Amino acid sequence: MQNTPKRKIKDSVFTSLFQEKKYLLQLYKTLHPEDDHVSEDEITDITIKNVLMDGIYNDLGFSVGNRLMVLVESQSIWSVNIIIRALMYLIQTYHDYFKRTNQNLYGSKKVNIPKPELYMIYTGERKDIPDTISFSNEFFDGIKIAIDAEVKVLYQANEKDIIGQYIIFCKVYNEQRKMHGNTKQAVTETIHICKGRNVLKEYLESKEMEVVDMWMEIFDDEYILKAYAKDIEASTAERVARDTEKKTARDTAKRMIKKGKMTLEEIADYVPSLSFEELKNLEATLMR
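Numbers in this note's numbering are just positions in the sequence shown, counted from 1, shifted up by 3.
Structure follows, in structure tokens:
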């Protein structure tokens, strides 16, 4: 694994899975089983991949012809802030769409715009999961506001469809990670169990080593981030200690200068953390 070159942009299993048109089509048919005639050719990946705005990128976006625009986020931690992020992604996606289709928002002609659908695939352990969450209800107590957005929450583990299979995969992985920690064994056991249950079997059989590599890379990144956080914490603690020591030294020096019983040279012996120049400046400040 150490010899595998790391990608510049690391994909998650979610984005890796739905980069393939056949699985993207399965996802759409899970959301819209009534649409029997849609083909892979009608589906276009419109995921925000490179936007010159800090933090504006999403998990998955795709359009179905010019009639539908679907944005999907995968979340393992519950947060209603997903609604705000979904709105930001939607606005950016519409911006890209109007640019791509050469439509003038400032002209008198009404633009053509695909219908938007916003989804969150939730893979966490929360028990009371609503089917939908809305901007108005969550942030403004349900009152009528200038703009609203509704995000449908998908959380059912179901081996019969691609979304349910992905949720099962995540839950199995969470269980294996609890048992084996951030190890290669947790990943390989997850893949073994899921293939045995016919969960994402075709994808995992074709991408098994890539999935293992992907997760081991994530573990490496997590280790680096934790180590960095510890360094920051240690540096902060050292800085606070130095600042505290400096303040104590200054307070001590102030009291000794005010008493006037010792020269600055003598005070310097008692507070070595302060330079003689700092003592002189402190004395000048007190004499003003």
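Virtual Cβ for every residue (Gly too), placed ideally from N, Cα, C.
Here the structure is a predicted model, which is why all the values come from computation and not from measurement.
Are there 16 or more other CB atoms within 10 angstroms of the CB of residue i, so buried, or fewer, so exposed?
i	result
Gln168	buried
Leu289	exposed
Met265	exposed
Phe65	buried
Val190	buried
Ile166	buried
Please tell me whether residue i and residue j are closer than 8 Å, where the distance is taken between their beta carbons.
i	j	result
Pro117	Arg70	yes
Thr96	Leu74	yes
Glu141	Ile86	yes
Ala149	Leu90	no
Asp164	Thr247	no
Ser19	Lys204	no
Ile171	Ala160	yes
Lys187	Val215	yes
Leu207	Ile194	yes
Note down the Cα distance separating residue i from residue j, rounded to an integer number of angstroms.
i	j	result
Lys257	Ser278	14 Å
Tyr125	Lys174	10 Å
Lys249	Ile221	42 Å
Asn107	Arg180	51 Å
Ser15	Leu282	58 Å
Lys13	Arg103	For Lys13, the pLDDT reaches just 40, beneath the cut-off of 50, and the residue's location in the model is therefore unreliable, although a value from the coordinates is still provided. If you take the alpha carbons of Lys13 and Arg103, they lie about 27 Å apart.
Arg242	Glu192	45 Å
Tyr109	Asp99	16 Å
Leu55	Met259	Caution applies to Leu55, whose pLDDT of 49 falls short of 50 and renders its modelled position unreliable; the model cannot decide the point.
Leu28	Asn185	32 Å
Val114	Ser82	34 Å
His35	Asn105	29 Å
Arg291	Lys262	16 Å
Asn61	Thr239	33 Å
Asn177	Met217	16 Å
In terms of alpha-carbon separation, which member of the options lies closest to residue i?
i	options	result
Val154	Phe138, Asp144 and Ala160	Phe138
Ser77	Leu30, Ile260 and Ala189	Leu30
Met123	Asn84, Asn115 and Tyr206	Asn84
Ala276	Ala287, Arg245, Lys262 and Leu285	It is Ser, not Ala, that sits at residue 276 in the sequence shown. For Ser276, the nearest C-alpha among the options comes from Arg245.
Take residue i and list the residues in its own chain whose beta-carbon comes closer than 6 Å to its own, dropping the five residues that flank it on each side.
i	result
Glu45	Val67 and Gly68
Arg200	none
Keeping to the same chain, check which residues put their C-beta closer than 7 Å to that of residue i; ignore five residues upstream and five downstream.
i	result
Ile132	Tyr125, Val156 and Tyr158
Val274	Ala252, Thr255 and Ala256
Phe101	Leu108 and Val114
Phe21	Leu27, Leu30 and Leu63
Ile136	Val83, Ile86, Val154 and Val156
Tell me whether residue i counts as near the ligand ATP, meaning its Cβ is closer than 7 Å to at least one heavy atom of that ligand.
i	result
Lys249	Looking for the ligand ATP in the displayed structure turns up nothing, as the structure carries no ligands at all.
Excluding sequence positions up to five away, which residues of its chain have a Cβ less than 8 Å from the Cβ of residue i?
i	result
Glu268	Phe279
Leu285	Arg253, Ala256, Lys257, Ile260 and Leu277
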